[in-house]
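Each residue of the sequence shown is one higher than the one before, counting from 2 in this note's numbering.
Backbone N, C-alpha and C fix where the C-beta goes; we use that ideal spot for every residue, glycine too.
Below is one structure, written out as structure tokens, with a few remarks after it.
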Amino acid sequence: MNCLICLNRHRTELSFHTYLTGEPLICEACSSKFKLEDARRCSHCRKKLQPEEVDCTDCHFMSSRFAPVDHIHCLYDYDDWTKELIFKYKFKKDIVLAEVFAALLKPHIKAMNCDMVIPLPSSPEKIVERGFDHMAEVVHRTGVSFQQPLKTKHRVKQAGLTKAERLQDSNPFYIEGGTAPRVLLIDDIYTTGLTVHRAAQVLRQEQVTEIGVLIFARV
């Protein structure tokens, strides 16, 4: 079959594993480009720490202002490779890449101990603009059961804003429908953590007792 990223044909040796799971969607060359650098990181949010940082300043800041997030799992670095793929998916509407992201996320979702999987929602404006809710589309393609009680109003574009400017924007998230005691939030990019902590804030108000976060790429 052809790799869903580079479109080159690739072959996989038949084994019991491939018999059960099917051929990989991407070739070994593309697969090898997904990396999480072995660096000094925050044990909670996986941020790369600066030499002068003893503790993670982002986590300290978020914990002083928002309800806690219990655990954060980031798969890869937000480097040129993942940045390009996410851009093609979200802004060039290369919907086939949802299959790639789904395949990479699926085993990690299944390994998480939670009662409800919730993809971080896109705003109504973004759904109209793209024609799809990008994280809901990815999670749908994993085949894992998920719910969407978390909704969002119009959000100011976060890219390019400083932390202070992002904080000035009101919390866009609200709950519509039931939740569960243990929730797993799934998103594509983690920068400062403001988005997931705002989502966690409204979930805690609904008596959610444990909040995990699964992120595809860590800035």
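Judged by DSSP in its simplified three-state form, C57 adopts coil rather than helix or strand.
Put simply, of T153, S146, F102, T143 the residue whose alpha carbon is nearest the alpha carbon of K127 is T153. When DSSP states are grouped into helix, strand and coil, L50 belongs to the coil group. Assignment of F147 by DSSP, reduced to helix, strand and coil, places it in the coil class. With the rule of 3 Cβ pairs closer than 8 Å, the stretch 39-54 does not count as touching the stretch 169-187. Taking the CA atoms as reference points, S124 sits about 31 Å from C31. Fully contained in the stretch 52-117 are the following alpha helix (DSSP H) runs of length 4 or more, in chain order: 58-66, 81-91, 98-112. G132 is not a Cβ neighbour of K84, given a cutoff of 8 Å. Rounded to whole angstroms, the separation of the alpha carbons of F102 and K91 is 12 Å.
By the neighbour-count criterion, in which 16 or more other beta carbons inside 10 Å mark a residue as buried, A112 falls on the exposed side. Straight through space, the alpha carbons of M136 and V145 are spaced by roughly 13 Å. Comparing alpha-carbon positions, the option among L195, D189, Q148, K48 lying closest to E166 turns out to be L195.
With fewer than 16 other CB atoms across the displayed protein chains lying within 10 angstroms of its CB, H155 is exposed.
V209: not part of any beta strand (DSSP E); DSSP gives it neither H nor E. Where V197 is concerned, the enclosing alpha helix (DSSP H) starts and stops at 195-205. Rounded to whole angstroms, the gap between the alpha carbons of N3 and L98 is 13 Å. By the beta-carbon neighbour count (other beta carbons within 10 angstroms, threshold 16), C7 is exposed. Restricting attention to R205, H198, V220, the CA atom closest to the CA of F62 is found in H198. Beta-bridge partners assigned by DSSP to A218: Y77, I190.
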